[in-house]
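Shown next, in structure tokens, is the structure this report addresses.
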Ligand SMILES: [Zn+2]
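Residue numbers (our numbering): 83 to 508.
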């Protein structure tokens, strides 16, 4: 099996892995100005998508340009989230977008949806691969992808290794801990090769229940003090988790922006969350903002809590609220995830100011960061890899892939961190 890294190699963003020049795993966007795309111009016979985040699925519609119609395999939630992201990209980038409305429509013609633990056969480059999704615990519908190049051999048979068959496990993004929204990843299917994400390979997350406590206490105190808590949250996963955490309290948050549509989608797939009842209660407890009749101004003026996009303050209704809330030091901004370097959220956290309304303005409102991470930390990654001591480990999706690979080698693993564009034969 030959594996080529077209993106997400020694970086986070634009994930894309090409197997045997024919089967493409993920095809994402690295957001920024300008956005970056995977290298090369793959013409895959089939595409398998791990989950509905822009850095894994953002460029998939562009694969349907011209006459090409490769089938796209994903879970039901990923299918719907991919469409939301594609439509958002079209809206944001307009003519600069790498695909058009008609390519997004074509997704419906070529897609095939599969649940967890349901093997399916994908034909690519003359080989029948058997592919299976396993719950990765990262966002609703997220999957580890197992690709078995011996799809025709009976699973587990001796013939597999004799024929030179290879079982590749592409972890994609995963979390090993349970959260209010999702159960952590537990599946550890046999594999000869593991492509492992490494986003937080040198981080130990604060205990989740402690994060939840601090978060609820902060929102509660802010409201008691007669101020408003602004809660920026990623639309996918984080918004539903935050609502589910607040559902357990007396706080009835407002929900504004893209998180509304995504919450509705996740609600339609109750089998992909840990506690569908809790999410149902969370959704009915949240007050959807329409933005009509000065509703946002009223929310900002009252002692309320509002959950809104974007999570790193790069756009969306959160900027409207921030503009109204920023000068009162009793108000509070509760960031709910890691703020990437160069983002407005990072600027706010480090310098106490923000790009807003066409300029840089000071923010007097207090700012807190709550680490509701959706990725395994160092211990999570190591406990996952404990089950793959005999496998070849290819580290990707991180800022320190070579360092993590070296740590693993020091511990006896056959590990490396391929570079962008590199081909690895396994
Ligand atoms: Zn992700």
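Note that the Cβ used here is the ideal one computed from N, Cα and C, for glycine as well.
Given the structure is predicted, the values throughout are model-derived calculations rather than measurements.
Hey, is residue i close to ligand 1, as in C-beta under 7 Å from one of its heavy atoms?
i           : result
residue 133 : yes
residue 257 : no
residue 226 : no
residue 138 : yes
residue 287 : no
residue 221 : yes
Can the beta-carbon of residue i be found less than 8 Å from the beta-carbon of residue j?
i           : j           : result
residue 310 : residue 413 : yes
residue 416 : residue 452 : yes
residue 181 : residue 144 : yes
residue 214 : residue 201 : yes
residue 135 : residue 318 : yes
residue 104 : residue 206 : yes
residue 462 : residue 170 : no
residue 117 : residue 106 : no
residue 331 : residue 360 : no
residue 321 : residue 345 : yes
residue 225 : residue 132 : yes
residue 282 : residue 450 : no
residue 447 : residue 481 : no
residue 287 : residue 256 : no
residue 444 : residue 388 : no
residue 485 : residue 275 : no
residue 355 : residue 467 : no
residue 407 : residue 436 : no
If you count every other CB in all the chains shown that lies within 10 Å of the CB of residue i, and 16 or more means buried, which is it?
i           : result
residue 262 : buried
residue 508 : exposed
residue 147 : exposed
residue 365 : buried
residue 390 : buried
residue 400 : buried
residue 548 : Here the chain has residues from 83 to 508 only, and residue 548 is not among them.
residue 253 : buried
residue 247 : buried
residue 418 : buried
residue 268 : exposed
residue 126 : buried
residue 111 : buried
residue 176 : exposed
residue 289 : exposed
Check the Cβ-Cβ distances between residue i and every residue of chain B, and say whether any is below 8 Å.
i          : result
residue 88 : Checking the listed chains, one finds no chain B in this structure; it contains a single protein chain.
**OP:** Answer yes if the stretch 146-162 comes into contact with the stretch 197-209, meaning at least three C-beta pairs across the two stretches below 8 Å, and no otherwise.
**Re:** yes
Subject >> Stretch-stretch touch, CB-based, cutoff 8 Å, three pairs: the stretch 425-436 with the stretch 380-389 >> reply: no
**OP:** Pair every Cβ in the stretch 496-503 with every Cβ in the stretch 284-304, then say whether three or more of these pairs are closer than 8 Å.
**Re:** no
Subject >> Sequence ranges, alpha helix (DSSP H) only - wholly within the stretch 398-471, length at least 4 >> reply: If you keep only unbroken alpha helix (DSSP H) runs of at least 4 residues inside the stretch 398-471, you get 400-407, 426-433, 460-467.
**OP:** Go through the stretch 159-197 residue by residue and report every complete run of the alpha helix (DSSP H) that reaches 4 residues or more, in order.
**Re:** 183-192
Subject >> 4 or more residues per run - each alpha helix (DSSP H) lying fully within the stretch 347-402 >> reply: 358-367, 377-383
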